[in-house]
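Student: Numbering that gives the first Met the number 0 numbers the first residue of the sequence shown as 0 and each following residue consecutively.
Just so it is clear, CB atoms sit at the ideal spot from N, CA and C, and this is done for glycine as well.
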Amino acid sequence: MTSLLDLPAEGVPSAAKEADPTASVPSAVPLPPPGHRLRRTRRTPALRALVRETRLDPAMLVAPLFVVPGRGVRQAIGSLPGVARVSPDEALADARALADLGVGGVILFGLPAAKDGVGSGAWIADGIVQATLRRLRDAGLDLVVIADTCLCEYTDHGHCGPLLPDGRVDNDAAIEILARTAASQAEAGADVVAPSAMMDGQVAAIRAGLDAAGHHETPILAYAAKTASAFYGPFREAADSAPAFGDRRGYQMDPANAREAMREMANDLAEGADMLLVKPALPSLDLLARARDRFDVPIGAYQVSGEHAVIAAAAERGWVDGRRMQLEALTSIARAGASFVITYAAADVARWLREESR
Ligand code: PBG
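#1: Tell me where the beta strand (DSSP E) around V72 begins and ends.
#2: Return yes when at least one heavy atom of the ligand PBG lies under 7 Å from the C-beta of Y250, else no.
#3: Looking only at its chain, what residues have a beta carbon closer than 7 Å to the beta carbon of G336, apart from the 5 residues adjacent to it on each side?
#4: Using only the heavy atoms of the ligand PBG, determine whether one of them is closer than 7 Å to the beta carbon of Y153.
#5: Find out if the Cβ-Cβ distance for the pair L49, L352 is shorter than 8 Å.
#6: Is the beta carbon of G245 less than 8 Å from the beta carbon of G317?
#7: Are E186 and A204 close, meaning C-beta to C-beta below 8 Å?
#8: Please go through the same chain and pick out, in chain order, the residues whose beta-carbon is closer than 7 Å to the beta-carbon of T330, but skip the five residues on each side of it.
#9: With contact counted as at least three CB pairs below 8 Å, one residue from each stretch, are the region 33-46 and the region 300-318 in contact?
#10: Contact check, C159 vs R247 under 8 Å by CB: the rounded distance?
#11: Using three-state DSSP, classify F244 as helix, strand or coil.
#12: What is the DSSP secondary structure of M59, reduced to helix, strand or coil?
#13: Got a sec, what are the start and stop residues for the alpha helix (DSSP H) G139 sits in?
#14: Tell me which same chain residues have a C-beta within less than 7 Å of the C-beta of G188, skipping the five on either side of it?
#15: Please tell me whether, using a cut-off of 7 Å, the distance from the CB of D295 to the nearest non-hydrogen atom of the ligand ZN is below it.
#16: Give the DSSP bridge partners of M274, in chain order.
#17: Which whole-angstrom value describes the C-beta separation of M264 and A223, a residue pair presumed to lie in contact below a C-beta threshold of 8 Å?
#18: Pick from L275, A178 and A344: whose alpha carbon is nearest that of V82?
#19: What would DSSP say about Y301, mapped onto helix, strand or coil?
#20: Are V61 and V28 closer than 8 Å when you measure CB to CB?
#21: Determine the closest residue to R84 out of A238, V303, D295 and N256, with distance taken between C-alpha atoms.
#22: Would you kindly work out how many angstroms separate the C-alpha atoms of A296 and P32, rounded to a whole number?
#23: Any heavy atom of the ligand PBG closer than 7 Å to the beta-carbon of F230?
#24: Can you check DSSP and say which residues form a bridge with L107?
#25: With respect to the beta strand (DSSP E) encompassing I174, which residues constitute its N-terminal and C-terminal limits?
#26: Beta-carbon within less than 7 Å of W122's beta-carbon, same chain only, minus the 5 sequence neighbours each way: which residues are those?
As structure tokens, this is what we get:
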């Protein structure tokens, strides 16, 4: 007589079943039926799609763009497969392609022609980011153009503000320069400014600077909980922004501290932040979830260069399915509470989402 145990297991060829020692073990006692059959709603792709709680949409993705002076420049970045440093004309082409894919936004990082001790390349009117912003604004693309507001790409020492004689970053001098930088970015056409220097009081300073320059309508996306992370490695090659000495632990947060992260976010909101950003993303899912519960503002996450690199490198070796892993990572980030995600995979993911019906 055929018992249930003789039926082929799902997806297991019968030869494999033969080799499975548990397949022929008779059940000694009658088992109670499962109380809740959660598998019922997992049976078909259509059922799974119906009950899916988190969906990705190209409009929630933001693509980083690294801009360099010149024309027709496109330099590959070794540690960030698929990402390039581009001149403003190429950045416009990339942004147009991203807009056509339905990607929600771009965030600009600049590699200036020259660096100095105070990072003046960040705020000068003909700075590389400002030049690119004007081109993007003039093209009237249907995506949000965000300017990263920081100084580490523009200082010759690679820190996020000017230095005190003892080598520490001068917080209060930095926030003045950041305010000036944000105003010049808004002037050049940034839809949003995103301060990432982790200086105390930077959001209030930037709000004041924007308002004084007449940019009342420009929102601030505060990199509020940004930890001193090893996951930024490839970015520092891409943006040529590695600190010449020391590290950023004197201003970026200790990844061990969740309560402090909540204070950072509360402070930034009190100072006038319109949106919060948590970074890196996968290592900070708990921070995202806590922030989502506490703060009724838009919250984004930055899937940073190292998060991208580990997936891309493992996929390149054939060790993982890069596409599935990337979609799973982004879905988890959204599930934890991010309304939008900055990701180096934005274009690929937008394409995949178009291909995938379920
Ligand atoms: C600038 C900045 C950094 C990143 C975003 N903005 C580098 C850093 O803090 O060292 C990292 C992003 C990434 O790794 O993708 N301060």
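Tutor: A quick look at the data gives this:
#1: Within the sequence shown, numbered from 1, the residue matching residue 72 stands at position 73. Membership of V72 in any beta strand (DSSP E) is not indicated, and neither H nor E is assigned to it by DSSP.
#2: For the purposes of this step, residue 250 is taken as residue 251 along the sequence shown, with counting starting at 1. Flag unset: Cβ of Y250 not near the ligand PBG.
#3: Stepping through the sequence shown from its first residue, residue 336 is reached at position 337. Correct list, in chain order: L287, A288, A290, R291 and I298.
#4: In the sequence shown, residue 153 corresponds to position 154, counting from 1. Because no heavy atom of the ligand PBG lies under 7 Å away, the Cβ of Y153 does not count as near it: no.
#5: Numbered from 1 along the sequence shown, position 50 holds the residue referred to as residue 49. Numbered from 1 along the sequence shown, position 353 holds the residue referred to as residue 352. No, these two residues do not count as a Cβ contact at 8 Å.
#6: Residue numbering aside, residue 245 sits at position 246 when the sequence shown is read from its first letter. Residue numbering aside, residue 317 sits at position 318 when the sequence shown is read from its first letter. In this structure, G317 does not lie closer than 8 Å to G245 by Cβ.
#7: Taking the first residue of the sequence shown as position 1, residue 186 is located at position 187. Taking the first residue of the sequence shown as position 1, residue 204 is located at position 205. If you check the CB distance, E186 and A204 do not come in under 8 Å.
#8: Residue mapping note: residue 330 aligns to position 331 of the sequence shown, counting from 1. Counting only residues of its own chain and dropping the five nearest sequence neighbours on each side, T330 has a CB closer than 7 Å to the CB of T53 and L55.
#9: In short, these stretches do not touch, since the Cβ pair count stays below three.
#10: Taking the first residue of the sequence shown as 1, we reach residue 159 at position 160. Taking the first residue of the sequence shown as 1, we reach residue 247 at position 248. About 7 Å separates the beta carbon of C159 from that of R247, a gap short enough to meet the 8 Å contact definition.
#11: For the purposes of this step, residue 244 is taken as residue 245 along the sequence shown, with counting starting at 1. In the structure shown, F244 sits in coil (DSSP, three-state: anything other than H, G, I, E or B).
#12: Here residue 59 refers to the residue found at position 60 of the sequence shown. Assignment of M59 by DSSP, reduced to helix, strand and coil, places it in the helix class.
#13: Taking the first residue of the sequence shown as position 1, residue 139 is located at position 140. Unbroken run through G139: none, as it is neither H nor E.
#14: Start at 1 with the first residue of the sequence shown, and residue 188 comes out as number 189. Closer than 7 Å at the Cβ level, and outside the excluded window around G188, lie L132, R133, L135, R136 and V144.
#15: Annotation note on the ligand ZN: not contained in the displayed structure, which lists the ligand PBG as its ligands.
#16: On the sequence shown, residue 274 is found 275 positions in, with the first residue counted as 1. Under DSSP, the beta-bridge partners assigned to M274 are L220.
#17: Translated into positions along the sequence shown, residue 264 becomes position 265. Translated into positions along the sequence shown, residue 223 becomes position 224. Contact between M264 and A223 holds, since their C-beta atoms are separated by about 4 Å, short of 8 Å.
#18: As a first step, residue 82 is located in the sequence shown; it is residue number 83 there, counting from the start. When the alpha-carbon of V82 is set against those of L275, A178 and A344, the nearest one is in A344.
#19: For this step, residue 301 is matched to residue 302 along the sequence shown. Strand.
#20: Translated into positions along the sequence shown, residue 61 becomes position 62. Translated into positions along the sequence shown, residue 28 becomes position 29. No.
#21: Within the sequence shown, numbered from 1, the residue matching residue 84 stands at position 85. Comparing Cα-Cα distances from R84 to each of A238, V303, D295 and N256, the minimum goes to A238.
#22: Looking up residue 296 in the sequence shown gives position 297. Looking up residue 32 in the sequence shown gives position 33. The question names Ala, but residue 296 in the sequence shown is Val. Note on geometry: alpha-carbon atoms of V296 and P32 lie some 45 Å from one another.
#23: For the purposes of this step, residue 230 is taken as the residue at position 231 of the sequence shown. Yes - the ligand PBG has a heavy atom lying nearer than 7 Å to the Cβ of F230.
#24: Against the sequence shown, residue 107 aligns to sequence position 108. As computed with DSSP, L107 is found in a beta bridge with L64 and A146.
#25: The residue labelled residue 174 in the question sits at position 175 within the sequence shown. Following the DSSP letters along the chain, one finds I174 in no beta strand (DSSP E) but inside the alpha helix (DSSP H) bounded by residues N170 to A187.
#26: On the sequence shown, residue 122 is found 123 positions in, with the first residue counted as 1. For W122, where only same-chain residues beyond five positions count, the Cβ hits under 7 Å are I176, R179, T180 and S183.
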